[in-house]
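Chemist:
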Amino acid sequence: METRELTALTFEMGPSRPPSEAHSLMLRIVRGCPWHRCEFCSSHRTKKLQIRSVEEIKRDIETVRIIADKIKETSWSKGYGGNIRQVAASAYENPISDSFRIVALWLYFGGQNVFFQDADALIMRTPQLAEILRFLRQLLPSVARVTSYGRSKTASMKSLGEMKEIYEAGLTRLHVGLESGSDEVLSYVCKGVTAVEHIDGGRKVVESGISLCEYVMPGLGGRRWKAEHPRETARVLNEINPDFIRLRSLAIREDIPLYRKYESGDFELLSDDEVVEEIGELIQGLEVTSYLASDHIENLLQEVDGQLPGDKEKMLGFISRYLAMPPEERLNFRLGRRMGYYTDLDDFSNVHKRERIEQIIRGTRSRGEDIEEVIFNLKKRFLV
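Going by the numbering used here, the residue at position 345 of the sequence shown is 348; the numbering climbs one at a time, nothing skipped.
1) For E42, name the three-state secondary structure that DSSP assigns.
2) Pull up the distance between the alpha-carbon of P312 and that of E281, whole angstroms please.
3) Count the other CB atoms within 10 Å of the CB of S336; is the residue buried (16 or more) or exposed (fewer)?
4) I need the DSSP call for Y345, collapsed to helix, strand or coil.
5) Just to confirm before moving on: does the CB-CB distance between R227 and E171 stay below 9 Å?
6) Does the stretch 59 to 66 come into contact with the stretch 87 to 101, if we say contact requires no fewer than three beta-carbon pairs (one atom in each stretch) closer than 8 Å?
7) Per DSSP, what kind of secondary structure is F112 in: helix, strand or coil?
8) Tell me whether T175 sits in a helix, a strand or coil according to DSSP, three-state version.
9) Let me know the secondary structure DSSP gives E15 once reduced to three states.
10) State the DSSP-derived secondary structure class of G180, mapped to helix, strand or coil.
11) Starting from L215, trace the beta strand (DSSP E) both ways and give me its first and last residue.
12) Can you grab the Cα-Cα spacing for the pair D276 / E168, in whole Å?
13) Which residues bound the beta strand (DSSP E) around M29?
14) When the distance is taken between beta carbons, is R249 closer than 9 Å to S297?
15) Kindly list the residues whose CB is nearer than 8 Å to the CB of N244, restricted to its own chain and excluding five residues on each side of it in sequence; keep chain order.
16) Throw me the rounded Cβ distance for the L289 and L240 pair, which I believe falls under 8 Å.
17) In this structure, does DSSP put L285 in helix, strand or coil?
18) Skipping 5 residues on each side, what residues in its chain have a beta carbon closer than 7 Å to that of Q53?
19) Can you find at least 3 beta carbon pairs, one from the stretch 129 to 138 and one from the stretch 172 to 190, that sit closer than 8 Å?
20) Which of the three DSSP states is assigned to F78 in this structure?
21) Please name the residue in V196, G371, R234 whose C-alpha comes closest to that of G222.
22) When burial is assigned at 16 or more other CB atoms within 10 Å of the CB, is L326 buried or exposed?
23) Go ahead and label L30 buried or exposed: buried means 16 or more other beta carbons lie within 10 angstroms of its beta carbon, across all protein chains shown.
24) Just checking, does the stretch 331 to 346 make contact with the stretch 316 to 323 on the three C-beta pairs under 8 Å criterion?
25) Under 9 Å between the Cβ atoms of Q120 and P37?
26) In angstroms, rounded to a whole number, what distance separates the CA positions of I322 and R340?
27) Smallest Cα separation from I64: which of R137, S45, K51, R333?
28) Since M127 and E182 are thought to touch, with beta carbons under 8 Å apart, how far apart are those beta carbons, to the nearest angstrom?
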């Protein structure tokens, strides 16, 4: 193929993915979200749901195959003896197009994982989604794992038989935003799903054989539902027993509806320390065999991570260790964590880092600035 023809090879990708899918190939199945009303989210609020046609998606998969084959051919023609990583690295640094760059990156990391975008590929009719999954695995045989975002509401509307059909066609994992198990919290933030639907949809996913990752949002209950939010969330998770539980602590900024409730005083944010306490209450209430991950910068304590039930006391120990620190040390750690100086509590023992943050705190106070407001604004940077 001529360079002009290669440059014209493109496939469609959406805007978002979970952090754990950083090295996956992104394929867009739907545009936007079937709900897009969650008051803590800005990702899909302005995008009307569009379900792409099977033919469109198949053409995208064929394009990926052509690009991948071209990169593999180059590995031989340039004398690399089939060393795809070498050519993929070169193609990534000097790409013919964005699509070439994405496929090169995917091949560099093994070419095994695929992520379906945007917010809920599960909304597609089951026979069509199954057809796409089978076509993908037929055309790209190196694929070992296919994952997607999905809504509990959507899963609850499908039969167990449909979920099993999707699993057998090749979907291996679903990332689901549980956020809360409290009906009052879910209603307040317009999540569009109930605790019962969370449980029903989650159980169907688990029983179908698809690996389930549930996302929980500490702090989402605010002060009004400070006790109910972790208690009810633990109850719902216990009913589902997902493979993974991922923490995504609440942060808000001006472009989400929940911010207006915060500004008016109707929604009271919890402090960082209260959110840490809430995570401890959630973990205390969990009776699952899930892996709990705190793999996001919005979470203050990234080391609260482990396999339940065995690692429960270890995780609670990190929480107790943080809460036992004097207030000024907790402030230092919170600011340093949001500024990227600290990754975990052990980093706090680095005297140079700690002294640098102390200098920043003194400078901030000398200018009459509110350190809590500084931290609040830093947290907004990590929202997508």
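All C-beta atoms in this analysis are idealised placements derived from N, C-alpha and C, irrespective of residue type, glycine included.
Modeler: Let's see:
1) coil
2) 18 Å
3) Sequence check: residue 336 is Phe here, not Ser. With 16 or more Cβ atoms within 10 Å of its Cβ, F336 is classed as buried.
4) coil
5) no
6) no
7) coil
8) coil
9) coil
10) strand
11) 214 to 219
12) 45 Å
13) 28 to 31
14) yes
15) V209, V291, T292, S293
16) 6 Å
17) helix
18) V33, R34, G35
19) yes
20) Per the sequence shown, residue 78 should be read as Ser rather than Phe. Residue state, collapsed to three classes: helix.
21) R234
22) exposed
23) buried
24) no
25) no
26) 15 Å
27) R137
28) Actually they are not in contact, since the Cβ atoms of M127 and E182 sit about 23 Å apart, beyond 8 Å.
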